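Participant: Final position of the sequence shown in numbering that gives the first Met the number 0 is 604; the numbers increase by one with none missing.
Following this message is one structure expressed as structure tokens.
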Amino acid sequence: MRYTFCMSNKIPLRSEVPETDKWDLSSIYKSNLEWENALSEIPVLTEKVVQFKGKLGSCPETFLSALKAFEQAELKMETVYHYASLQHEADEDDSEATDREGRAMMAYTKMQSEISFMNPEILAIPEKSLKEWISAPEFKDYKIYVEKLMHFNSYTLSEKEERILSLQAQPAETAYNAFSVLENVDLNRQFGSVNVNGEEKPLTQTTFTTLLKNQDRKVRETTYRQFYKKFEDFQNVISALYAGNVNQDVFRVRARGYDSCLQAALYGNKVPLSVYHNLIDCVHKNIKTLHEYYSLRKKIMGLQELRHYDVYVPLVKSVKMRHSYDGSVEIIRNALAPLGTEYTERLCSGLKNGWVDRYENAGKRSGAFSSGSYIGDPYILLNYDENDIRDVFTMAHEGGHSMHSWYSVHNNPFLSYDYTIFEAEVASTFNEELVFEYLLKNAKTEDEKKYLLAMRADDILATLHRQTMFAEFELKTHELVENGTPLTATLLRKTYRGLLEFYFGPEMHFEENSDMEGLRIPHFYNAFYVYKYATGISAALALARRVTSGGKKERDDYFEFLKSGGSRYPIESLRIAGVDMESTEPVQAACDTFKDIVEELKKLF
């Protein structure tokens with residue numbers, strides 16, 4: 000019988016999950032033995048690159064041969080690491096998968112250290128010669144890569160210094176790796192269980208969110224207190240890990256000569272600093288609407304005081320929207336119809352046939368993600384729960400990433416196929432908006448309409464306001480270290496609590512350990528990542544309106560964006576799609592959309 004977590008109180012082992020519910024990684028490698036053989040080829044391919052050391056600037060023919068050798072080595076390394084990392088994410092308890100992921104990372108570190116001469120040597124070629132060489136037809140697959148490399152000229156170090164930094168890449172992952180194992184394996188075994196209607200339900204990283212949506216307030220309170228108490232027990236360790244990660248960021252930035260961690264994070268994509276600051280300022284300017292929403296929530300729920308564990312429960316108690324996995328695929332097929340049958344058929348076929356690792360198992364990473372590489376299918380990790388309508392949106396979201404990857408791979412050479420995270424969150428959130436509009440249009444009752452509007456308000460809030468709050472926290476923590484202030488558990492909690500109080504407003508009553516939330520967010524280990532969710536939803540809402548209300552041109556513009564891959568900088572590719580992220584209009588429009596939904600909810604309730 001097909002496993003579905005909601006049908007059982009026991010989290011299965013990876014070995015107990017049917018193969019049909021797991022992703023099929025054979026599009027990358029057909030077996031672990033084939034992977035081992037590929038891993039063994041990396042030193043040989045690396046050596047072929049090393050043979051060009053000191054010769055890159057001798058003539059265009061040599062330079063082209065070096066780029067081809069570099070491309071082959073990088074492609075093999077990406078494929079080897081992708082396969083190993085997917086296995087590891089599916090079961091961090093699997094020692095063999097952990098070993099493969101570790102060996103892949105070691106191979107990557109070794110390769111990068113040996114070919115670290117490439118960038119400094121390329122940039123040592125006179126700019127005039129370099130531009131002339133890459134203008135030749137035979138360089139068409141490498142031109143964009145070299146041009147983007149030239150953008151980093153001011154922050155590229157000597158060969159020796161680049162080698163040192165590349166050798167440091169694997170140790171730099173220690174803080175995140177330790178946090179991930181602590182959170183997903185060790186702590187996940189210690190959260191215990193929560194009594195729900197007389198049954199003991201396991202409390203895990205995945206079920207935490209589900210249990211906070213329970214209509215029984217006692218269940219929510221117990222879940223919240225039990226969960227954060229365990230994190231609080233390890234607050235000093237987790238704080239030290241996060242502080243270590245921020246210190247690594249500052250080290251790399253200072254080694255290269257950037258002005259700040261924020262500048263370094265945005266520089267590569269040519270995203271102006273004003274985009275980051277404008278996001279925070281615009282959300283601050285519109286914070287009153289968010290506070291009004293929490294006041295409305297308190298009133299609808301009939302509470303004397305609103306607690307942090309009250310903000311995730313559905314506002315409409317009577318509507319239960321249960322969707323099987325296959326049923327969700329069909330919703331997505333219908334909702335995304337404005338994008339055409341090629342898009343929907345390819346996506347839905349992948350969702351049903353091997354792209355997705357569907358359900359929770361012991362040791363599996365919590366949450367969801369999409370991960371693509373140049374070789375093989377784009378893969379999606381879910382922890383799908385058919386009782387949670389948001390998981391339909393999650394499937395559509397990750398499907399947006401995967402289709403973005405598919406179009407990028409099929410329209411660009413390897414060295415310029417990979418799009419930025421700044422763009423990625425547009426394609427995913429675009430899909431969510433179309434699913435919402437489809438479900439709202441087909442709502443059968445007023446209660447369903449209320450339910451969907453309230454859920455959409457929560458989703459926009461989570462992506463726009465919450466991620467902006469996270470972005471502000473990251474900015475504050477990095478600025479503290481840059482200005483010479485060490486990060487301690489006390490300081491981190493105080494900083495995060497101040498943001499909680501500002502964003503949630505006067506109606507919210509927090510627990511003493513509510514600020515522990517700031518120490519359990521995995522994305523914080525990839526600095527200045529989360530703001531892209533907020534800018535992404537702003538762009539996505541604008542583009543969804545443009546495509547659904549437009550015609551062939553508007554749809555073609557959107558597909559031109561999906562096909563861009565890494566061939567353009569993100570601000571440029573989004574401008575081609577029809578939205579200007581250098582202006583404040585998209586963020587303000589997203590805030591206005593949220594305000595409209597809140598006003599509609601006031602009327603309906």
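Using N, Cα and C, we set each Cβ at its ideal position, and we do this for glycine too.
Every value quoted in this text rests on a predicted model; they were computed, and no experiment measured them.
In the DSSP assignment, find the alpha helix (DSSP H) that holds N194 and state where it starts and stops.
Facilitator: Position 195 of the sequence shown holds residue 194. Careful: N194 lies outside any alpha helix (DSSP H), inside the beta strand (DSSP E) at S192 to V195.
Participant: Distance, Cα to Cα, A174 vs V318?
Facilitator: Numbered from its first residue, the sequence shown carries residue 174 at position 175. Numbered from its first residue, the sequence shown carries residue 318 at position 319. Using only the alpha carbons, I get a separation of about 43 Å.
Participant: Buried or exposed: where does L414 fall if 16 or more other Cβ atoms within 10 Å of its Cβ makes it buried?
Facilitator: Reading the sequence shown from its first residue, position 415 is the one you call residue 414. Classification for L414: buried.
Participant: Short check: CB of I299 to CB of A395, under 8 Å?
Facilitator: The residue given as residue 299 occupies position 300 in the sequence shown. The residue given as residue 395 occupies position 396 in the sequence shown. No, they are not a contact pair.
Participant: Mind checking S323: buried by the 16 CB within 10 Å criterion, or exposed?
Facilitator: The residue labelled residue 323 in the question sits at position 324 within the sequence shown. Per the 10 Å Cβ criterion, exposed.
Participant: In three-state terms, what does DSSP make of D309?
Facilitator: One-based indexing of the sequence shown puts residue 309 at position 310. If DSSP states are grouped into helix, strand and coil, D309 belongs with the helices.
Participant: How do the stretch 145–155 and the stretch 205–222 stand: do at least 3 beta-carbon pairs fall below 8 Å, yes or no?
Facilitator: no
Participant: In its own chain, which residues sit with a C-beta less than 6 Å from the C-beta of S427, not counting the 5 before and 5 after it?
Facilitator: Taking the first residue of the sequence shown as position 1, residue 427 is located at position 428. Excluding residues within five positions, the ones whose Cβ falls inside 6 Å are H396, G399 and H400.
Participant: What number of angstroms, rounded off, separates the C-alpha of K602 from the C-alpha of A589?
Facilitator: The residue labelled residue 602 in the question sits at position 603 within the sequence shown. The residue labelled residue 589 in the question sits at position 590 within the sequence shown. Going from the Cα of K602 to the Cα of A589 covers about 20 Å.
Participant: Grab the span of the beta strand (DSSP E) containing F368 for me, first residue to last.
Facilitator: The residue labelled residue 368 in the question sits at position 369 within the sequence shown. First-last of the beta strand (DSSP E) with F368: F368 to S370.
Participant: Taking the alpha carbon of E126 as the point to measure from, which residue in S115, K139 and F151 has its own alpha carbon closest?
Facilitator: Locating residue 126 in the sequence shown gives position 127, where the first residue counts as 1. Nearest of S115, K139 and F151 to E126, Cα basis: F151.
Participant: Please report the distance separating the alpha-carbon of R345 from that of R306.
Facilitator: The sequence position of residue 345 within the sequence shown is 346, counting from 1. The sequence position of residue 306 within the sequence shown is 307, counting from 1. Between R345 and R306, the C-alpha separation is close to 43 Å.
Participant: Classify S25: buried if its beta carbon has 16 or more other beta carbons within 10 angstroms, exposed otherwise.
Facilitator: What you label residue 25 is simply residue 26 of the sequence shown in a count that begins at 1. Exposed, because fewer than 16 other Cβ atoms sit within 10 Å of the Cβ of S25.
Participant: Taking the alpha carbon of E432 as the point to measure from, which residue in I536, L490, E35 and T487 has its own alpha carbon closest?
Facilitator: Taking the first residue of the sequence shown as 1, we reach residue 432 at position 433. Taking only the C-alpha atoms, the option nearest E432 is I536.
Participant: Got a sec? Which residues, its chain only, sit under 6 Å from T221 by beta carbon, not counting five neighbours each side?
Facilitator: By one-based count along the sequence shown, residue 221 stands at place 222. Same-chain partners within the cutoff: V193.
Participant: With 16 as the cutoff for other CB atoms within 10 Å, does N441 come out buried or exposed?
Facilitator: Locating residue 441 in the sequence shown gives position 442, where the first residue counts as 1. It is exposed - the Cβ of N441 has fewer than 16 other Cβ atoms within 10 Å.
Participant: Of all the alpha helix (DSSP H) runs that stay within the bounds of the stretch 542–574, which reach a length of 4 or more residues?
Facilitator: 551–563
Participant: Would you give the residue range spanned by the beta strand (DSSP E) that L380 belongs to?
Facilitator: Translated into positions along the sequence shown, residue 380 becomes position 381. Residues Y378 to L380.
Participant: Out of V355, G375 and E559, which has the shortest C-alpha to C-alpha gap to S369?
Facilitator: In the sequence shown, residue 369 corresponds to position 370, counting from 1. Considering only alpha carbons, the answer is V355.
Participant: Compute the Euclidean distance between the alpha carbons of E599 and A239, then round it to the nearest angstrom.
Facilitator: Taking the first residue of the sequence shown as position 1, residue 599 is located at position 600. Taking the first residue of the sequence shown as position 1, residue 239 is located at position 240. Rounded to whole angstroms, the separation of the alpha carbons of A239 and E599 is 45 Å.
Participant: With DSSP as the reference, label H508 as helix, strand or coil.
Facilitator: Counting from one through the sequence shown, the residue named residue 508 turns up at place 509. Residue state, collapsed to three classes: strand.
Participant: Applying the 10 Å Cβ sphere with the 16-neighbour rule, what's the burial state of A576?
Facilitator: Walking along the sequence shown from the start, residue 576 turns up at place 577. That one is buried.
Participant: Cutting at 6 Å between CB atoms, please list the residues of its own chain near L122, excluding the five before and the five after it.
Facilitator: Indexing the sequence shown from 1 puts residue 122 at position 123. Only N152 and T155 meet the Cβ criterion.
Participant: Report buried or exposed for H81, applying the criterion of at least 16 other Cβ atoms within 10 angstroms of its Cβ.
Facilitator: On the sequence shown, residue 81 is found 82 positions in, with the first residue counted as 1. It is buried - the Cβ of H81 has at least 16 other Cβ atoms within 10 Å.
Participant: Using the Cα positions of E15 and A89, report the straight-line distance between them to the nearest angstrom.
Facilitator: Residue 15 sits at position 16 when you count from the first residue of the sequence shown. Residue 89 sits at position 90 when you count from the first residue of the sequence shown. In a straight line, the C-alpha of E15 is about 13 Å away from that of A89.
Participant: With L542 and V578 assumed to form a contact (beta carbons below 8 Å), what rounded beta-carbon distance in angstroms separates them?
Facilitator: For the purposes of this step, residue 542 is identified with residue 543 of the sequence shown, where counting begins at 1. For the purposes of this step, residue 578 is identified with residue 579 of the sequence shown, where counting begins at 1. Indeed they touch by this definition, with Cβ atoms about 6 Å apart.
Participant: Inspect the beta-carbon positions of Q214 and M515 and report whether they are closer than 8 Å.
Facilitator: Walking along the sequence shown from the start, residue 214 turns up at place 215. Walking along the sequence shown from the start, residue 515 turns up at place 516. Their beta carbons are not under 8 Å apart, which means Q214 does not touch M515 by this criterion.
Participant: Exposed or buried, N352, counting other C-beta atoms within 10 Å across all chains shown (16 or more means buried)?
Facilitator: For this step, residue 352 is matched to residue 353 along the sequence shown. So N352 ends up on the exposed side.
Participant: For E199, which residues does DSSP report across the bridge?
Facilitator: Stepping through the sequence shown from its first residue, residue 199 is reached at position 200. DSSP, once it has assigned bridges, lists N194 as partnering E199.
Participant: Would you kindly report the start and end of the unbroken alpha helix (DSSP H) that includes M515?
Facilitator: Counting from one through the sequence shown, the residue named residue 515 turns up at place 516. Careful: M515 lies outside any alpha helix (DSSP H) and carries neither H nor E.
Participant: Where does V355 sit, in a helix, a strand or coil, going by DSSP?
Facilitator: For the purposes of this step, residue 355 is taken as the residue at position 356 of the sequence shown. In the displayed model, V355 falls within a strand according to three-state DSSP.
Participant: With a Cβ-Cβ cutoff of 8 Å, do E385 and R321 count as a contact?
Facilitator: By 1-based counting over the sequence shown, the position of residue 385 is 386. By 1-based counting over the sequence shown, the position of residue 321 is 322. Yes, they are a contact pair.
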